[in-house]
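>
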Amino acid sequence: MADKNPPHTNSSAPSFRRKLLLEVRNVSQHYLTGSGERGPAVLDDVSLNLRENEIVGLLGRSGSGKSTLLRLVAGLTTPTGGDVTYLGEPVEGPVDGVAMVFQSFALFPWLSVLSNVELGLRSKNVGKDEARRRALKAIDLIGLDGFESAFPKELSGGMRQRVGFARALVVHPNILLMDEPFSALDVLTAETLRTDLLDLWVEGRMPIQSILMVTHNIEEAVLMCNRILVLSSNPGRIAAEIQVTLQHPRNRLDPEFRQLVDKIYALMTKRPVVAAAGRDGAFPGLGFGMALPRLSTNTISGMIEEIAAEPYHGRADLPALADSLQMEVDELFPVAETLQLLRFAEVEEGDIRLTPAGLRFAEAEVDVRKKLFGDHLLAYLPLAARIKHVLDDRPAHTARTTRFLEELEDYMSEDYADQTLKSVINWGRYGELFAYDETSETFSLENPE
Amino acid sequence: MMSRFVAFTSLGRKALPNQYDLLALALIIAAFIAVSHTTSGLTLPLEAPESTAISLDYRHLPYYALRTTLRMFAAIALSLLFTFTYATLAAKSRRAEMVLIPLLDVLQSVPILGFLSFTVTFFLGLFPGSVLGAECAAVFAIFTSQAWNMAFSFYQSLRGVPRDLIEVSRGFQLSGWQKFWQLEAPFAMPGLIWNTMMSMSGGWFFVVASEAISVGDTTIKLPGIGSYLAVAIDDKSIPAVFAAIITMMFVIIGYDQLLFRPLVVFAARFRVELSASQTQESSWVSQVFRQTRWLRALMSGPAEMFHSISLWRLELPFRWPAANADARAPSRLLDVIWLVLVAALAFWAGRLIFNFVRHDLVLADVEQAVLLTLITMLRVVLLMALATVVWVPIGVWIGLRPALAEKVQPLAQFLAAFPANVIFPVAVVAILRFHLNPDIWLSFLIIFGTQWYILFNVIAGATAFPNDLREAAANFQIRGWSWWRYVILPGIFPYYMTGALTASGGSWNAAIVAEYVKWGDDTISAHGIGAYIAKATADGDFPRIVLGVVVMSIFVILFNRLFWRPLFGLAEKRLRLD
Chain Y
1 MADKNPPHTN SSAPSFRRKL LLEVRNVSQH YLTGSGERGP AVLDDVSLNL RENEIVGLLG
61 RSGSGKSTLL RLVAGLTTPT GGDVTYLGEP VEGPVDGVAM VFQSFALFPW LSVLSNVELG
121 LRSKNVGKDE ARRRALKAID LIGLDGFESA FPKELSGGMR QRVGFARALV VHPNILLMDE
181 PFSALDVLTA ETLRTDLLDL WVEGRMPIQS ILMVTHNIEE AVLMCNRILV LSSNPGRIAA
241 EIQVTLQHPR NRLDPEFRQL VDKIYALMTK RPVVAAAGRD GAFPGLGFGM ALPRLSTNTI
301 SGMIEEIAAE PYHGRADLPA LADSLQMEVD ELFPVAETLQ LLRFAEVEEG DIRLTPAGLR
361 FAEAEVDVRK KLFGDHLLAY LPLAARIKHV LDDRPAHTAR TTRFLEELED YMSEDYADQT
421 LKSVINWGRY GELFAYDETS ETFSLENPE
Chain P
1 MMSRFVAFTS LGRKALPNQY DLLALALIIA AFIAVSHTTS GLTLPLEAPE STAISLDYRH
61 LPYYALRTTL RMFAAIALSL LFTFTYATLA AKSRRAEMVL IPLLDVLQSV PILGFLSFTV
121 TFFLGLFPGS VLGAECAAVF AIFTSQAWNM AFSFYQSLRG VPRDLIEVSR GFQLSGWQKF
181 WQLEAPFAMP GLIWNTMMSM SGGWFFVVAS EAISVGDTTI KLPGIGSYLA VAIDDKSIPA
241 VFAAIITMMF VIIGYDQLLF RPLVVFAARF RVELSASQTQ ESSWVSQVFR QTRWLRALMS
301 GPAEMFHSIS LWRLELPFRW PAANADARAP SRLLDVIWLV LVAALAFWAG RLIFNFVRHD
361 LVLADVEQAV LLTLITMLRV VLLMALATVV WVPIGVWIGL RPALAEKVQP LAQFLAAFPA
421 NVIFPVAVVA ILRFHLNPDI WLSFLIIFGT QWYILFNVIA GATAFPNDLR EAAANFQIRG
481 WSWWRYVILP GIFPYYMTGA LTASGGSWNA AIVAEYVKWG DDTISAHGIG AYIAKATADG
541 DFPRIVLGVV VMSIFVILFN RLFWRPLFGL AEKRLRLD
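Okay, here's the thing in structure tokens:
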């Protein structure tokens, strides 16, 4: 195969001259609400192209629909609007020539490494010997020699993901899809795997022509991709497209590399021009139907303390903060945004700055903190205010969760509604706004004696 | 490990019965009535097959044991077939699911031995004058004791297949057949194997009970240990009873060593867990198979064949349309047709039941049946409580000593599989000899076979109790009652529940056999619905059998829903340690 594929150096050929493999045109996708009706949009009018010889990264936070987009391309779901074409043919189901690597590895635990890799071939009636030959070759390529007869549970995470790669490569796809392939691995393992994969790519030893990967790790995207598409959240739209022209192997400490990372941070934290009218404007949303991340109050106060303390003194550069806290964008952004939502901090152009309330919180004792937190919840989080209001209004001062869940499900999927309510319960408990009983799933105003 | 595999239909569902539960109950009752109508139309005595004479000669015992075992395997094969089809249908079709799952729930609560008489008459009618009819009836009886929880476990597993694995198989464009064998069946395997094993353990009881059966004047004795035992009882031969007990012991040991343990080892392979588990099941049989070259060679042929069969594509000539909004309109129409069909069935069932009740029974019969069921329920509850008080402390004591637990656990599992009804005659002789009150002393037979489920589950729970919690309790000097109340009892509760549920279900069934026992010409019976059904069976009184079975089923369903389900919910929600 190596001779079939030209080497994947950063080809200087203009992009329009390279072969178009995949085209996504004006695609939108909606959540299904509990009753099976079409809910709010996950993806809204998204278009992208994938050409020969490129690695394209989809970068976005949770809720940006990047995984959904990948599944549309894989033919695992169908869009509610727009269309996907592969080599000019519409994608209406899984197609040959597109293979996927999963975040969770998704290996069959009852099959050995070899059988896992062979499965995709055997199921298509590739002969036994031919399948064995190709599987062994893929295993060899990806550095799994000696593990052929092992079962997934005997392997470390890194080795398991190598099986995931071998399984995808063995069917000789044109396009390799990767859904956050390194995010379930520890830092060192992930780096090794990334480097190995890039080496194979640059040397043109893999039987693939193009890679489309989903990630929430900005550095990873800059390290690997030729093009990065930044997705905005709720609904997912393509907010920016960034060309990366650095030569492989790329150096993380290269000033140009750092500049690019900073630029993307700034892009991803850019304040929306206008607080969009209606309920689901971009983040500092004011509405009731805003999905909240699952965050512990300890993380929130820990972050406030961190920013207030040395060396930041109330104002921090997000990439630097992410680096020192060993947090990835997907973990850091929700915290930053929650702080912003509760008016404890302002996020702008890749920086986070504590508000006076945030600084006061950092200084205060536990009881004062809880009071302050509760006040801010009531003032800035419509859902919390709403729960409190209902409880105050009712003579019995109790309310079931289901009534709020149902309301939330008008705005978001069941999972998000559930997560949002859980967050509010947690934060409300900390702010001592209300009590909650898990067994009966009711809010009340009284604390147990 | 067990608590994850419980497959009691009542537990996964809402406590309050909905219209489909009522429909399922009505359908099953109607089916009983229909069968009893058709069969009572045949002139009794039925054309009984040429009864093979059962000889009490010990030399025949190996042959009888073999026949009993074969019957067992026929039933398990049937149960697996049922599981793969019924559960798959229920999991894949929303419409089928609405009816099939409540039906399974009710079937699981029906006392199997109660309708032995129907099935015997039915199958004898199918194959008049042939032993085949009686064999079918026996196999069917064992099947009904095994199939429901297996099917439900499989259904539950199919509904819980991880999303990413489904996506992989879709990405590879696996056909439905390939997906079933490559993904769904293997994923369901640990639960299915565990439930199959539990079913087989329970099944021995039913083989013994179903081999020799009299309906009215017809007596059928199929060659097997159960019939041998029945003849021994008729002849009042104590040595023969013991011979049967010993033979049964060998059969169970063989089953345990040659099948149960190797299968448990085999099942471990299919567990979806990301790290290798600490507990390694071992079995010398699977060791032998793995290490002996010619055995491995012998097995590789069939394994290879199965593997290639599982890779057939077997595609339907048309593709299922992708689910999207446009496909909804015709699907609504199908829904309506389906509901009309279901309603028609319900109407038919309701009418049949109404007519039956009006013609054959008076209110006093119902009152009597309810009263007797209450007595039996009291008996089950009291004895379960007694077994709990006795076995929980013992089980905890054993479970906290791993070396001891390792030795006791197989014994407890062996005892749970051992059919208690083989031992009944010994107890009966004692009751007769010492003139004991049958209402009290026969009760013990009800939990004689089922108490072991409590024991071995409690042992498993205590063994799995986290060591750091034990150390924390010791560190804070939590002792005596507080230790039981706040430390160990909540810790083993989920395991105890699994055992208690199994034991409770088994006890209801055992009541039919245990409340009405014979020794030669002497019959001892206790007051209770079990004796009522057994007596009606002996008299060939079909309306009363139906009444007894139905009342008992309703009680069991309510008992499961209103008592076990809330407790089990508590165990699942609050007291899980993993």
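Those protein sequences? They're chains Y and P, same order as listed. Following the UniProt record's numbering, the numbering of the first sequence begins with 1 at its first residue and continues without gaps. Following the UniProt record's numbering, the numbering of the second sequence begins with 1 at its first residue and continues without gaps. Ideal Cβ positions, reconstructed from N, Cα and C, are used throughout, including at glycine. It should be emphasised that the depicted structure is a prediction, and the values quoted were computed from it without experimental measurement.
(1) So what does DSSP say about residue 274 of chain Y, is it helix, strand or coil?
(2) I think residue 434 of chain Y touches residue 391 of chain Y, with their Cβ atoms under 8 Å apart; what is that distance to the nearest whole Å?
(3) Using a beta-carbon distance cut-off of less than 9 Å, what residues from the region 82 to 106 of chain Y approach chain P?
(4) Would you mind telling me which residues of chain Y sit closer than 7 Å to residue 178 of chain P, beta carbon to beta carbon, in chain order?
(5) Report the residues of the region 400 to 427 of chain Y with a CB closer than 7 Å to any CB of chain P, ordered along the chain.
(6) So residue 500 of chain P is in the alpha helix (DSSP H); what residue range does that whole segment cover?
(7) For chain P, is any of its Cβ atoms less than 9 Å away from the one on residue 109 of chain Y?
(8) Quick check: what's the CA-CA separation for residue 573 of chain P versus residue 439 of chain Y?
(9) Check the Cβ of residue 114 of chain Y against every Cβ in chain P and list those closer than 8 Å, keeping chain order.
(10) Suppose the cutoff is 8 Å on Cβ atoms and the five residues either side in sequence are ignored; what does the same chain contact list for residue 135 of chain Y look like?
(11) Please list the partners that residue 183 of chain P has in chain Y, where partner means a Cβ-to-Cβ separation under 9 Å.
(12) Which chain P residues sit within Cβ distance under 7 Å of residue 74 of chain Y?
(13) Please report how far the alpha carbon of residue 241 of chain Y lies from the alpha carbon of residue 270 of chain Y, in whole angstroms.
(14) In or out: residue 246 of chain P buried (at least 16 other Cβ within 10 Å) or exposed?
(15) May I ask you to list, following chain order, the residues of the region 371 to 398 of chain Y that have a beta carbon less than 9 Å from some beta carbon of chain P?
(16) Spatial neighbours of residue 402 of chain P within its chain, please: C-beta separation below 7 Å, excluding the five flanking residues on both sides.
(17) Can you give me the Cβ contacts of residue 424 of chain Y inside the same chain, cut-off strictly under 6 Å, excluding the 5 residues immediately before and after it?
(18) Report the three-state DSSP secondary structure of residue 79 of chain P (helix, strand or coil).
(19) Would you say residue 302 of chain P reaches chain Y, if we count a Cβ-Cβ gap shorter than 9 Å as a contact?
(20) Please tell me whether residue 279 of chain Y has its Cβ less than 9 Å away from any Cβ of chain P.
(21) Assess contact between the region 126 to 134 of chain Y and the region 91 to 109 of chain Y, defined as three or more Cβ pairs (one per stretch) separated by less than 8 Å. Is contact present?
(22) Mind listing the chain P neighbours of residue 120 of chain Y? Cutoff is C-beta to C-beta under 7 Å, in chain order.
(23) Say whether the region 59 to 66 of chain P touches the region 124 to 132 of chain P, bearing in mind that this needs 3 or more beta-carbon pairs closer than 8 Å, one atom from each stretch.
(24) Is it the case that the region 106 to 116 of chain P contacts the region 541 to 559 of chain P, given that we only count it when at least three CB pairs across the two stretches are under 8 Å?
(25) Going along chain Y in order, which residues have a C-beta closer than 9 Å to the C-beta of residue 269 of chain P?
(26) Have a look at Y/404, Y/199, Y/361 and flag the residue whose alpha-carbon is nearest the alpha-carbon of residue 288 of chain Y.
(27) Would you say residue 194 of chain Y lies against chain P (beta-carbon separation less than 9 Å)?
(28) Confirm, please, whether the CB-CB distance from residue 213 of chain Y to residue 451 of chain Y is below 9 Å.
(29) Would you say the region 36 to 52 of chain Y touches the region 237 to 252 of chain Y, given that touching needs at least three Cβ pairs under 8 Å?
(30) How many Å lie between residue 146 of chain P and residue 297 of chain Y at the Cα?
(31) Assuming residue 431 of chain P contacts residue 448 of chain P under a Cβ cut-off of 8 Å, what Cβ separation, rounded to an integer in Å, is found between them?
(32) Just to check my reading of the structure: residue 511 of chain P and residue 446 of chain P have Cβ atoms closer than 8 Å, yes? What is that Cβ distance to the nearest angstrom?
(33) Excluding the five sequence neighbours on either side, which residues of its own chain have a C-beta within less than 6 Å of the C-beta of residue 594 of chain P, listed in chain order?
(34) Please tell me whether residue 322 of chain P has its Cβ less than 9 Å away from any Cβ of chain Y.
(35) Can you check DSSP and say which residues form a bridge with residue 90 of chain Y?
(36) Inspect the CB distances between the region 392 to 407 of chain P and the region 454 to 461 of chain P and report whether three or more fall short of 8 Å.
Reading from the atomic positions:
(1) The pLDDT assigned to residue 274 of chain Y is 40, lower than 50, so where the model puts this residue is not dependable; a value taken from the coordinates is nonetheless given after this. It is coil, neither helix nor strand.
(2) 6 Å
(3) Residues of the region 82 to 106 of chain Y with a Cβ closer than 9 Å to any Cβ of chain P, in chain order: 92, 93, 94, 95, 96, 98, 99, 100, 102, 103, 104, 105, 106.
(4) Per Cβ cutoff of 7 Å: 123.
(5) none
(6) 489 to 514
(7) Cβ-Cβ to chain P under 9 Å: yes for residue 109 of chain Y.
(8) Computed Cα separation, rounded: 9 Å.
(9) Per Cβ cutoff of 8 Å: no residues; residue 114 of chain Y is ~13 Å from chain P at best.
(10) 114, 117, 118, 121, 166, 170
(11) 108
(12) Correct list: 171.
(13) 15 Å
(14) exposed
(15) Interface annotation for the region 371 to 398 of chain Y against chain P: empty, criterion Cβ-Cβ distance under 9 Å.
(16) Only 463 meet the Cβ criterion.
(17) Correct list, in chain order: 383, 384.
(18) If DSSP states are grouped into helix, strand and coil, residue 79 of chain P belongs with the helices.
(19) no
(20) Only weak support is given to the placement of residue 279 of chain Y: the predicted model assigns it a pLDDT of 37, under 50, and the question is left unresolved by the model.
(21) no
(22) 172
(23) no
(24) yes
(25) 109, 110, 151
(26) Y/404
(27) no
(28) Past the boundaries of the shown model lies residue 451 of chain Y; chain Y is included only from 1 to 449, so the question cannot be answered.
(29) yes
(30) 50 Å
(31) So it is not a contact: roughly 13 Å between Cβ atoms.
(32) 5 Å
(33) The question about residue 594 of chain P has no answer here: the residues shown for chain P are numbered 1 through 578.
(34) At residue 322 of chain P the pLDDT is 44, less than 50, meaning the model places this residue with poor confidence and gives no usable figure here.
(35) Y/85
(36) yes
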